[in-house]
Amino acid sequence: GESVGLHLPTLSVQEGDNSIINCAYSNSASDYFIWYKQESGKGPQFIIDIRSNMDKRQGQRVTVLLNKTVKHLSLQIAATQPGDSAVYFCAEIPLTGNQFYFGTGTSLTVIP
Amino acid sequence: NAGVTQTPKFQVLKTGQSMTLQCAQDMNHNSMYWYRQDPGMGLRLIYYSASEGTTDKGEVPNGYNVSRLNKREFSLRLESAAPSQTSVYFCATESGQGGQPQHFGDGTRLSIL
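Heads up: the sequence lines are chains A and B, in that order. Under our numbering, the residue at position 7 of the first sequence is numbered 7, and the numbers go up by one with no gaps. Start counting at 1 in the second sequence, then tack on 1000, and there's your number in our numbering.
Right, here's the structure in full:
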């Protein structure tokens, strides 16, 4: 089966600092990757996605980097704010089939 | 625009009781999914429906049944609830065109005593 994991289960950062959350995936044939944010008591919320033909994609305060050589995905959050405190997890979507495979998540805590 | 709506938000059942979790979407998406989320584990797929009229098993289908009532609605049924089914259940939708994110409801928190 698929294996999508995170290097660190928890991360604490000072307000205003940058945050980096990592994700490893196992299927080199995966074509599409997504980062989700999940706040307490809420469903996962789409943040940003990237396709396998790209190395980097930027959004508002967020950047996703994809390194296909080592099968690694990262989410960078610039100028982290208290509202960024949540669990972040990645999802990988293989070329074939329509199932998503989700990581277990990293809990980000922003210290005011 | 509500997106994906799940009902109920919370439920407590006794072992052996039955229950149906409801999910409705107004995004005109073809594909719908049911996941369970347990502490320390990623979302695990129970069942999915790639399009109206079709359903398929996911990773953990045992003890569950689903119905894709129409394009908007996808329900999950527990026929005889067991304590191992205590979890948070999420419904998600996706356009069905590929290369698009799934959109989630806010979950149903189910406890089985």
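Even for Gly, the Cβ is constructed at its ideal location relative to N, Cα and C. Note that the coordinates shown come from a computational prediction; the quantities given were computed from them, not determined experimentally.
Query: Using only the alpha-carbon positions, how far apart do residue 65(A) and residue 1016(B) sit?; Result: 47 Å
Query: In or out: residue 1079(B) buried (at least 16 other Cβ within 10 Å) or exposed?; Result: exposed
Query: Give the residues from the region 31-42 of chain A that approach chain B closer than 9 Å (Cβ to any Cβ), ordered along the chain.; Result: 31, 32, 34, 36, 38, 41, 42
Query: Can you round the beta-carbon distance between residue 108(A) and residue 21(A) to whole angstroms, since I take them to be within the 8 Å contact cut?; Result: 7 Å
Query: Can you tell me which of the three DSSP states residue 1038(B) falls into?; Result: coil
Query: For residue 1083(B), which of helix, strand or coil comes out of DSSP?; Result: helix
Query: Taking only the alpha-carbon atoms, compute the straight-line gap between residue 1113(B) and residue 1019(B) and give it to the nearest angstrom.; Result: 14 Å
Query: Let's see if you can read the secondary structure: which residues bound the beta strand (DSSP E) around residue 1019(B)?; Result: 1019-1025
Query: Is it buried or exposed for residue 58(A), if we count other Cβ within 10 angstroms and need 16 for buried?; Result: exposed
Query: What are the boundary residues of the beta strand (DSSP E) that includes residue 104(A)?; Result: Premise fails: residue 104(A) is in no beta strand (DSSP E) and is neither H nor E.
Query: Is there a Cβ from chain B that is less than 7 Å from the Cβ of residue 8(A)?; Result: For residue 8(A), the predicted structure reports a pLDDT of 49, less than 50, and the residue's modelled location is therefore unreliable. A value from the coordinates is still provided. Not closer than 7 Å to any Cβ of chain B, the Cβ of residue 8(A) fails to qualify, so no.
Query: Give me, in chain order, the residues of the same chain whose beta-carbon lies closer than 6 Å to that of residue 87(A); leave out the 5 immediate sequence neighbours on both sides.; Result: 38, 105, 107
Query: Determine, using beta carbons only, whether residue 1102(B) comes closer than 7 Å to chain A.; Result: yes
Query: Output yes if chain B places a C-beta closer than 7 Å to the C-beta of residue 109(A); else output no.; Result: no
Query: For residue 1097(B), which of 1011(B), 1070(B), 1051(B) has the nearest alpha-carbon?; Result: 1051(B)
Query: Could you please tell me which residues of the region 46-66 of chain A, in chain order, have their CB closer than 8 Å to any CB of chain B?; Result: 46, 49, 51
Query: Please state whether DSSP places residue 1005(B) in a helix, a strand or coil.; Result: strand
Query: Return the chain-ordered list of same chain residues with a C-beta closer than 8 Å to the C-beta of residue 1056(B), the five sequence neighbours on each side being excluded.; Result: 1047, 1048, 1049, 1050
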